[in-house]
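To keep things clear, I will list the structure first and then write my remarks on it.
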Amino acid sequence: MSHKIWYRQAASEWLEALPIGNGRLGAMVFGSVPSERIQLNEETIWGGGYQDTTNPDALEALPEVRRLLFEGKNREATELASRRMMGNPSSVQSYQPLGNLDIAFSHSAPVTNYRRELDLSAGVIRVSYRSGGIGFTREVFVSAPDQLLVIRLTCSRPGHLNAQVRLTREQDAECGAFGHDTLILKGQVGRDTDSPGVKFEARLNVEAEEGWIRADNDTLTVVCATEATLFLAAGTDCYGENPSQLCEKTLRERPHTYKAHLRRHLKEYQGLFERVSLDLGASENEALPMDERLENVKQGADDPGLFALYFQYGRYLLMSASRPGTLPANLQGVWNHLYSPPWNSDYHTNINLQMNYWHAESTNLSECHLPLFAYMNSLVESGARTAEVHYGAQGWVVHHLSDIWGFTTPADGVWGIWLMGAAWLCSHVWEHYLFTQDRTFLREWGYPLMRSAALFLLDMLVYDPKGRLVTNPSHSPENRFRLPDGTESMFTYGATMDLQIASELLTNCINASQRIGADENFAFHCQAALQKLAPLQVSPKTGRLQEWIEDYEEPEPGHRHISHLYALYPGNQISLRATPELALACRKSLEHRLAHGGGHTGWSRAWITHFWARLEEGELVYENLKELLANSTANNLFDLHPPGVFQIDGNCGGASAIAEALLQSHEQTLTLLPALPRVWATGEVKGLRARGGYTAGIKWREGRLTEARIHNDFRKATVFVRVPNSAKLESVRLAGRDVVFYATPEPDVYQVLMSRSNEYVLRFGAR
Ligand code: FUC
């Protein structure tokens with residue numbers, strides 16, 4: 004299968020340019036002629052700096068707010084909390100671009116044979132065309148091992164490469180030449196304001212083969228060369244370092260030749276990318292450029308290869324925006340060209356940041372998950388201060404958004420008084436453990452985060468008038484309900500999602516304490532709270548899972564958040580077989596949301612797709628993925644949030660949903676092809692990861708499971724394999740020898756004892 008996303012023309016706007024990055028540096032390559040534009044990012048370029056945003060007034064208002072909410076006086080509670088419980092200030096700082104690299108070529112003849120492509124299998128963008136009988140090429144990649152953006156320019160006739168190179172930024176910076184072959188762009192975010200942000204520098208060094216390079220003021224000119232290579236380094240003072248020294252060192256220590264750079268990049272990049280392959284079947288659309296393929300899908304065409312490409316693109320974006328040692332992927336990964344981007348291009352923790360990482364483990368990019376945990380660690384100190392000052396509670400809290408400065412207080416409006424950010428993020432820590440079985444990680448890094456987030460919740464849970472333990476105050480993220488008197492409110496107590504997240508975190512803490520053999524007392528407290536937690540409720544009127552503790556009416560029934568279905572995905576407290584009544588109630592909630600226009604943001608559509616995968620509805624998985632591509636995807640495959648704003652969450656969520664349709668896992672049970680759409684009739688996936696520490700490959704033909712290869716990366720274990728009911732397990736082989744397997748009381752489930760580090764080949768026939 005081809006991993007190329009290609010076009011017959013240059014990008015005419017940012018959402019057509021192609022992204023590239025190494026976790027820290029990001030670039031959007033337009034591929035334009037005669038003048039190339041490469042928009043640049045460095046992940047630590049943010050406004051402002053650390054600030055204590057806690058509000059000591061909050062704690063005094065808390066008991067009264069709680070009383071008002073319990074008494075159904077939501078309007079008064081909202082008014083009081085808005086006035087007294089918000090952070091100060093109640094907004095986060097913004098992520099900003101680094102600048103632009105412009106390369107103006109001196110072509111006088113018309114351009115023909117133009118092609119622009121992003122090759123996912125190499126992490127390289129290529130542009131090629133002819134002008135005046137000469138072939139020109141550009142090759143761009145961002146190297147993680149060498150921390151440089153590298154651009155190679157060539158022409159087919161010796162001495163005919165002429166270009167002017169400039170570095171620019173629309174504000175807060177200036178650029179000048181240094182020596183005859185280097186440009187330096189220096190600046191500071193908001194330098195003329197009262198609260199300036201980070202200082203930054205970008206340094207570009209150009210080498211030419213044949214020909215020469217000249218520097219004038221802020222421009223380098225490549226004259227009569229045959230090939231030229233541009234190396235761009237960037238650094239900031241975000242971690243107390245000197246940006247100039249960082250750039251100088253990076254350039255000084257780089258390998259000498261372009262070839263060596265490319266080799267090192269490919270080795271490192273492909274080491275991650277090639278772990279998973281996916282083939283969902285071919286169609287004639289595969290030969291088309293991406294804009295035409297997308298258009299055809301909008302017109303109703305089936306293009307299975309496009310879904311496989313979208314899946315790999317989701318992995319590519321995470322790899323390019325989140326690598327060990329970097330910040331996690333923000334709302335736009337690392338790619339942002341605006342000085343005041345939508346939602347500050349920040350970290351939203353009430354769905355978006357989490358969704359960026361839903362595919363990290365399942366699609367075999369576990370290392371790319373680590374920046375999230377490092378980021379969580381960086382929020383603990385400030386989160387503990389907020390917990391204490393705002394709520395008089397122990398542990399740590401994060402509300403619904405944050406930045407790189409440790410922002411943890413309530414922001415924006417009253418919907419910002421949402422207590423569950425840290426608790427939700429902690430599910431990622433536990434998942435990382437389940438997939439990797441890394442007990443050292445759990446003991447030293449994961450469990451302390453989980454325990455502290457649980458401690459906060461234990462302190463915050465209070466008894467409601469009916470004697471159930473609930474959160475108060477509470478929200479079902481960003482959604483509203485109608486009270487019996489006809490007024491509307493967002494503010495409440497014991498919203499369903501809070502109860503699900505709380506119950507999950509307390510349960511995970513109990514399990515974690517057992518796995519690491521410590522902290523029995525704390526587990527006992529968690530257990531005691533769990534027993535009193537308000538239960539999930541199915542509406543007697545509608546049969547839907549209640550989103551709030553009362554069966555309120557919803558003024559916006561197609562709301563984009565579907566928070567109360569958390570327990571179906573990403574949680575697993577609700578499932579088809581363990582809790583069929585609740586699964587049915589989820590289904591009804593979902594149908595109701597969709598019937599009223601739900602799924603209108605990319606991330607919302609991606610979430611919905613996961614619910615269908617968990618409900619094992621392959622056709623609905625497909626229908627929703629198609630909606631994602633047709634309605635919420637730009638020509639460069641970036642996910643869109645209305646009105647046409649890039650958000651990376653839908654890309655990552657889309658990739659995760661495809662993985663979820665092919666393989667699901669709950670520690671010892673691996674479900675093969677739980678929600679395979681008919682259109683993906685024949686295909687194969689290799690390298691997906693499963694909870695419990697397994698790697699699995701699956702093959703199917705004409706809709707029937709034919710083979711699975713399961714690698715057990717950890718201890719000897721009994722594995723339960725659930726298969727579609729059209730399939731029957733015929734043999735299990737290990738190194739060419741038959742292995743015994745067992746039937747179970749469930750006809751679709753088989754039991755196999757697997758030892759460590761061996762690949763078991765399971766062959767299936769028709770039932
Ligand atoms: C949440 C969502 C919005 C948007 C924003 C960044 O608040 O409700 O739709 O995605 O995050």
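The numbers in my numbering rise by one with no breaks, and the one at position 539 of the sequence shown is 542. For every residue, glycine included, the Cβ atom is placed at its ideal position computed from N, Cα and C. None of the values given here were measured: they were computed from a predicted structure.
Over the uninterrupted alpha helix (DSSP H) stretch that includes residue i, give me the two end residues.
{"i": "Met493", "result": "That residue, Met493, is in no alpha helix (DSSP H); it is neither H nor E in DSSP."}
{"i": "Phe527", "result": "Glu523 to Lys535"}
{"i": "Tyr53", "result": "No alpha helix (DSSP H) contains Tyr53, which DSSP labels as neither H nor E."}
{"i": "Met89", "result": "Segment: none, Met89 is in no alpha helix (DSSP H) and carries neither H nor E."}
{"i": "Phe641", "result": "It is not in any alpha helix (DSSP H) - Phe641 carries neither H nor E in the DSSP assignment."}
{"i": "Trp610", "result": "Gly605 to Arg617"}
{"i": "Gln12", "result": "First-last for Gln12: undefined, no H or E at that position."}
{"i": "Glu622", "result": "Gly621 to Asn634"}
{"i": "Asn380", "result": "Ser369 to Tyr394"}
{"i": "Pro307", "result": "Pro307 to Ala324"}
With a CB to CB cut of under 7 Å and the five nearest residues on each side skipped, what residues in its chain are close to residue i?
{"i": "Pro558", "result": "Arg483, Arg485 and Glu491"}
{"i": "Met89", "result": "Asn58, Pro413 and Gly419"}
{"i": "Thr171", "result": "Gly102, Asn103, Asp105 and Cys178"}
{"i": "Glu630", "result": "Gly602 and Arg608"}
Rounding to the nearest angstrom, what Cα-Cα distance links residue i and residue j in this structure?
{"i": "Ser773", "j": "Leu62", "result": "No information on residue 773 is available, as it lies outside the stretch 4 to 770 that the chain covers here."}
{"i": "Asn654", "j": "Glu74", "result": "42 Å"}
{"i": "Gln315", "j": "Asp462", "result": "43 Å"}
{"i": "Ala228", "j": "Ser38", "result": "17 Å"}
{"i": "Ala637", "j": "Pro22", "result": "12 Å"}
{"i": "Ser131", "j": "His163", "result": "15 Å"}
{"i": "Asp652", "j": "Asn347", "result": "15 Å"}
{"i": "Asn511", "j": "Gly497", "result": "20 Å"}
{"i": "Gln397", "j": "Phe459", "result": "5 Å"}
{"i": "Gln754", "j": "Gly449", "result": "31 Å"}
{"i": "Thr352", "j": "Gly200", "result": "23 Å"}
{"i": "Gly214", "j": "Val225", "result": "7 Å"}
{"i": "Leu275", "j": "Leu464", "result": "42 Å"}
{"i": "Leu452", "j": "Leu283", "result": "39 Å"}
{"i": "Ala107", "j": "Asn165", "result": "8 Å"}
{"i": "Thr56", "j": "Ala660", "result": "37 Å"}
{"i": "Gly135", "j": "Gly317", "result": "39 Å"}
So for residue i, helix, strand or coil by DSSP?
{"i": "Ser731", "result": "Correcting the residue identity first, residue 731 is Lys in this sequence and not Ser. Residue state, collapsed to three classes: strand."}
{"i": "Phe33", "result": "coil"}
{"i": "Thr685", "result": "coil"}
{"i": "Asn333", "result": "strand"}
{"i": "Thr81", "result": "helix"}
{"i": "Gln167", "result": "strand"}
{"i": "Asn359", "result": "helix"}
{"i": "Tyr763", "result": "strand"}
{"i": "Asp60", "result": "helix"}
{"i": "Trp408", "result": "coil"}
{"i": "Glu553", "result": "coil"}
{"i": "Leu101", "result": "coil"}
{"i": "Arg446", "result": "helix"}
{"i": "Pro258", "result": "coil"}
{"i": "Val68", "result": "helix"}
{"i": "Tyr132", "result": "strand"}
{"i": "Cys178", "result": "strand"}
By Cβ distance, which residues of its chain are closer than 6 Å to residue i, with the 5 residues on each side in sequence left out?
{"i": "Gly29", "result": "Asn44, Val337 and Trp338"}
{"i": "Gly601", "result": "Gly561"}
{"i": "Lys731", "result": "Gly768 and Arg770"}
{"i": "Glu16", "result": "none"}
{"i": "His792", "result": "Outside the modelled stretch of the chain, which goes from 4 to 770, sits residue 792, for which no answer is possible."}
Which residue or residues does DSSP assign as beta-bridge partners of residue i?
{"i": "Ile216", "result": "Val225"}
{"i": "Val752", "result": "Arg725"}
{"i": "Met423", "result": "Per DSSP, none; premise fails for Met423."}
{"i": "His714", "result": "Thr698 and Glu762"}
{"i": "His351", "result": "Leu404"}
{"i": "Cys158", "result": "Phe139"}
Beta carbon of residue i: closer than 6 Å to some heavy atom of the ligand NAP?
{"i": "Trp346", "result": "For the ligand NAP, the structure offers nothing, since it holds only the ligand FUC."}
Specify, as a first and last residue, the run of the beta strand (DSSP E) that residue i falls within.
{"i": "Leu679", "result": "Here Leu679 belongs to no beta strand (DSSP E), and DSSP marks it neither H nor E."}
{"i": "Gln191", "result": "Thr185 to Gln191"}
{"i": "Gln667", "result": "Leu666 to His669"}
{"i": "Val114", "result": "Val114 to Asp122"}
Take residue i and list the residues in its own chain whose beta-carbon comes closer than 8 Å to its own, dropping the five residues that flank it on each side.
{"i": "Leu320", "result": "Pro22, Ala332, Gly336, Ile651, Asn654 and Cys655"}
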